[in-house]
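Engineer:
2 protein chains.
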Amino acid sequence: MTTRDKLLDAAAAGLAEDGLSGVSARAVAARAGVNQALVFYHFGSVSGLLDAAVRRSVDLAVASYRDRLADVATLGELLTLGRDLHAAEKRSGNVLQMAQVMTGAMRDDTLAEAARYAMDRWSAEVEVALRRVLRPTPLHGLVDPRGLARAVSAGFIGLELHDAVDPDSVEEALVALDAIGALVSALDALPPLAVRAVRGRARRTVARAAERRGLGS
Amino acid sequence: MTTRDKLLDAAAAGLAEDGLSGVSARAVAARAGVNQALVFYHFGSVSGLLDAAVRRSVDLAVASYRDRLADVATLGELLTLGRDLHAAEKRSGNVLQMAQVMTGAMRDDTLAEAARYAMDRWSAEVEVALRRVLRPTPLHGLVDPRGLARAVSAGFIGLELHDAVDPDSVEEALVALDAIGALVSALDALPPLAVRAVRGRARRTVARAAERRGLGS
DNA sequence: GTCTATACAGAGATAGAC
DNA sequence: GTCTATCTCTGTATAGAC
Chain A
482 MTTRDKLLDA
492 AAAGLAEDGL
502 SGVSARAVAA
512 RAGVNQALVF
522 YHFGSVSGLL
532 DAAVRRSVDL
542 AVASYRDRLA
552 DVATLGELLT
562 LGRDLHAAEK
572 RSGNVLQMAQ
582 VMTGAMRDDT
592 LAEAARYAMD
602 RWSAEVEVAL
612 RRVLRPTPLH
622 GLVDPRGLAR
632 AVSAGFIGLE
642 LHDAVDPDSV
652 EEALVALDAI
662 GALVSALDAL
672 PPLAVRAVRG
682 RARRTVARAA
692 ERRGLGS
Chain B
482 MTTRDKLLDA
492 AAAGLAEDGL
502 SGVSARAVAA
512 RAGVNQALVF
522 YHFGSVSGLL
532 DAAVRRSVDL
542 AVASYRDRLA
552 DVATLGELLT
562 LGRDLHAAEK
572 RSGNVLQMAQ
582 VMTGAMRDDT
592 LAEAARYAMD
602 RWSAEVEVAL
612 RRVLRPTPLH
622 GLVDPRGLAR
632 AVSAGFIGLE
642 LHDAVDPDSV
652 EEALVALDAI
662 GALVSALDAL
672 PPLAVRAVRG
682 RARRTVARAA
692 ERRGLGS
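If you're matching them up, the sequences are chains A and B in order. So the first sequence is numbered by the working numbering: it starts at 482 and just counts up by one. So the second sequence is numbered by the working numbering: it starts at 482 and just counts up by one.
#1: With DSSP collapsed to three states, give me the class of residue 623 of chain B.
#2: If you measure beta-carbon to beta-carbon, which residues of the segment 599-632 of chain A are closer than 9 Å to chain B?
#3: At a Cβ cut of 9 Å, what residues of the segment 520-544 of chain A count as close to chain B, listed as they run along the chain?
#4: Give the list of continuous alpha helix (DSSP H) stretches no shorter than 4 residues that lie fully inside the segment 574-648 of chain A.
#5: Which residues in the same chain as residue 578 of chain B place their Cβ atom closer than 7 Å to its Cβ, once the five residues preceding and following it in sequence are excluded?
#6: Taking only the alpha-carbon atoms, compute the straight-line gap between residue 586 of chain B and residue 575 of chain A and give it to the nearest angstrom.
#7: How long is the line joining the alpha carbons of residue 632 of chain A and residue 601 of chain A, rounded to whole angstroms?
#8: Residue 655 of chain B to residue 696 of chain B, Cα distance in whole Å?
#9: Using the Cα positions of residue 694 of chain A and residue 549 of chain A, report the straight-line distance between them to the nearest angstrom.
#10: Out of B:491, B:670 and B:683, point me to the one whose CA is closest to residue 681 of chain A's CA.
#11: Just the Cα atoms here: how many angstroms apart are residue 651 of chain B and residue 567 of chain B?
#12: For residue 628 of chain A, does the count of other Cβ atoms within 10 angstroms reach 16, so buried, or fall short, so exposed?
#13: When you compare the CB of residue 695 of chain B with every CB in chain A, is at least one pair closer than 9 Å?
#14: Closer than 9 Å, CB to CB, is residue 692 of chain B near chain A or not?
#15: State the start and end residues of the unbroken alpha helix (DSSP H) segment that holds residue 483 of chain B.
#16: Whose Cβ in chain B lies nearer than 9 Å to the Cβ of residue 666 of chain A?
#17: Where residue 634 of chain A and residue 529 of chain A are concerned, what is the direct C-alpha to C-alpha distance, given to the nearest angstrom?
#18: Which one of A:657, A:594 and A:630 has the shortest CA to CA distance from residue 624 of chain B?
#19: Can you pull the chain B residues whose beta carbon is under 7 Å from the beta carbon of residue 678 of chain A, in chain order?
#20: Determine the chain A residues that contact residue 646 of chain B at a beta-carbon separation under 8 Å, and present them in chain order.
#21: Can you name the start and end residues of the alpha helix (DSSP H) that residue 528 of chain A belongs to?
#22: Please list, in chain order, the chain B residues whose beta carbon lies closer than 7 Å to that of residue 500 of chain A.
#23: Residue 658 of chain B touches chain A at which residues, Cβ-Cβ below 9 Å?
#24: If you follow the alpha helix (DSSP H) that residue 520 of chain B is in, where does it begin and where does it stop?
#25: Among B:489, B:583 and B:560, whose alpha-carbon lies nearest the alpha-carbon of residue 638 of chain B?
#26: By Cβ distance below 8 Å, which residues in the same chain neighbour residue 560 of chain A in space, the five residues on each side in sequence not counted?
#27: Quick one: Cα of residue 649 of chain A to Cα of residue 522 of chain A, how far?
#28: So for residue 673 of chain A, helix, strand or coil by DSSP?
#29: Spatial neighbours of residue 614 of chain A within its chain, please: C-beta separation below 8 Å, excluding the five flanking residues on both sides.
#30: Which residues in the same chain as residue 711 of chain A place their Cβ atom closer than 7 Å to its Cβ, once the five residues preceding and following it in sequence are excluded?
#31: Rounding to the nearest angstrom, what Cα-Cα distance links residue 572 of chain A and residue 679 of chain A in this structure?
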């Protein structure tokens, strides 16, 4: 393994385990078992290292979920996949890396770029799955998959951040989300006429809200 | 205004605007216009100051929303309130303070305590509103309001964090959430029999999932 | 309670030998 | 590419005068 890769691994692990304040050039180098000056030789700055590390983590994570995400056909399956991602998070810490970089982004443009990259990457992936999953549901045509993918991705960040502080609470939260998913899925049982009526009502509400936004507040 | 309060204000503002790395004892004292040593005199440590500042911010924010939260009667109104909170966030930065403390919690027990306090406080408040709002909906009895309140609170954290990096995307996300809220509200139009059928289906799905969890994975 | 001064550790970053 | 050595800055924290 090259020094470059050792540093990237150490940065990713440090970011997930200790947070931003635990990934100084010295700390990362120590974790990687290499000299501190190499951080600057290979990446120019600590921010540069973190940027590269997070991008790589996201790319790897997205690639490793791509196949399974492509197989997802229902909302329930998507929620199950989310559960698995949450379970895997305890080992990989992918999402926590993103959360850390996002908080650091406020004063560091490099980290801000990395944060945007990570969110865009995940959101794009979730979006195509959502688009497919939502098609046969009443939400199709009513909710923008792109926006919903953003909400899902951001929400996940919040959940993992919360999990790092209070794991039990997050388990309760996930159970609640499962229940909502079950309800939405159960809407399939409705006769088409009823679905049409509900959709019509919802659509009018959304249109009214859009109009209000259009007028400005 | 006492020095203590000046420091608390400065810490809260710094946390929201610059993030954790921007709230050193020196930076906060400069913002407050007082001497750096006073941070340690009044709060013992920087963590102590941040802890106190976040607790105060949360207490104030929760108090200022309590009346309006008590008036919320429908899911739509709750979503509107969330919108207002998001708009106010640009000035107050309450939620961002929580996000920052949560990321810092990984290596600082004092901050971890503050993070738990903040989440518990908000979640408890959201929970009572949710309990009331969900009662007349099909979700009543199906989803645990406590867990859902956690999910909502955590999700909001993620959204505000995302907003700090990419505001436009978050607006899309909020629109998508509004659409979902509209659909759930529109379920009121269904005849009671149809609601019963949907609930029955959903309930069975939830029961199966709970059983699987009970068996362990 | 507030200020000055200071100790000291750790940070980012660079120079230069190898 | 890697290491040692070092510069400089910023951070936390304390002592002691006022």
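Cβ coordinates follow ideal geometry from the N, Cα and C atoms, glycine included.
Structural biologist: Based on what the coordinates show:
#1: Residue 623 of chain B: coil per DSSP, three-state reduction.
#2: Within the segment 599-632 of chain A, those residues whose Cβ lies closer than 9 Å to any Cβ of chain B are, in chain order, 600, 601, 604, 619, 620, 623, 624, 625, 626, 627, 628, 629, 630, 631 and 632.
#3: Cβ contacts with chain B: none found.
#4: Counting only runs of 4+ residues, the alpha helix (DSSP H) found wholly inside the segment 574-648 of chain A occupies 575-585, 590-615 and 626-646, in chain order.
#5: The answer, listed in chain order, is 493, 496, 497, 535 and 538.
#6: Roughly 17 Å between the two C-alpha positions.
#7: Distance between the alpha carbons of residue 632 of chain A and residue 601 of chain A is about 12 Å.
#8: About 37 Å.
#9: Each residue's Cα considered, the two are about 38 Å apart.
#10: When B:491, B:670 and B:683 are compared, the shortest CA-CA separation from residue 681 of chain A is found for B:670.
#11: Roughly 10 Å between the two C-alpha positions.
#12: Residue burial annotation: residue 628 of chain A is buried, with at least 16 other C-beta atoms found within 10 angstroms of its C-beta.
#13: No, its Cβ sits nowhere closer than 9 Å to a Cβ of chain A.
#14: In terms of beta-carbon proximity, residue 692 of chain B stays away from the interface with chain A, with every pair separated by 9 Å or more.
#15: Per DSSP, residue 483 of chain B lies in no alpha helix (DSSP H) and is assigned neither H nor E.
#16: Below the 9 Å Cβ cutoff, chain B contributes 682, 683 and 686 as neighbours of residue 666 of chain A, in chain order.
#17: Cα to Cα, the separation comes out at about 24 Å.
#18: Comparing Cα-Cα distances from residue 624 of chain B to each of A:657, A:594 and A:630, the minimum goes to A:657.
#19: The contacting residues are 670.
#20: Per Cβ cutoff of 8 Å: 583, 586, 593, 596, 597 and 600.
#21: Its alpha helix (DSSP H) spans residues 527-552.
#22: Those are 584, 585, 587 and 588, listed as they occur along chain B.
#23: Here the neighbours are 624, 628, 629 and 632.
#24: 518-524 is the span of the alpha helix (DSSP H), which, as asked, contains residue 520 of chain B.
#25: Among B:489, B:583 and B:560, the Cα nearest to that of residue 638 of chain B is on B:583.
#26: Cβ neighbours of residue 560 of chain A beyond the five flanking positions: 658, 659 and 662.
#27: Rounded to whole angstroms, residue 649 of chain A and residue 522 of chain A show a C-alpha spacing of 43 Å.
#28: The answer is helix: DSSP assigns residue 673 of chain A an H, G or I state.
#29: Taking C-beta separations shorter than 8 Å and ignoring five residues to either side along the sequence, the partners of residue 614 of chain A in its chain run 553, 554, 555, 556, 558 and 559, following chain order.
#30: The first residue shown for chain A is 482 and the last is 698, placing residue 711 of chain A beyond what the model contains.
#31: When the Cα atoms are used, residue 572 of chain A and residue 679 of chain A turn out to be separated by approximately 43 Å.
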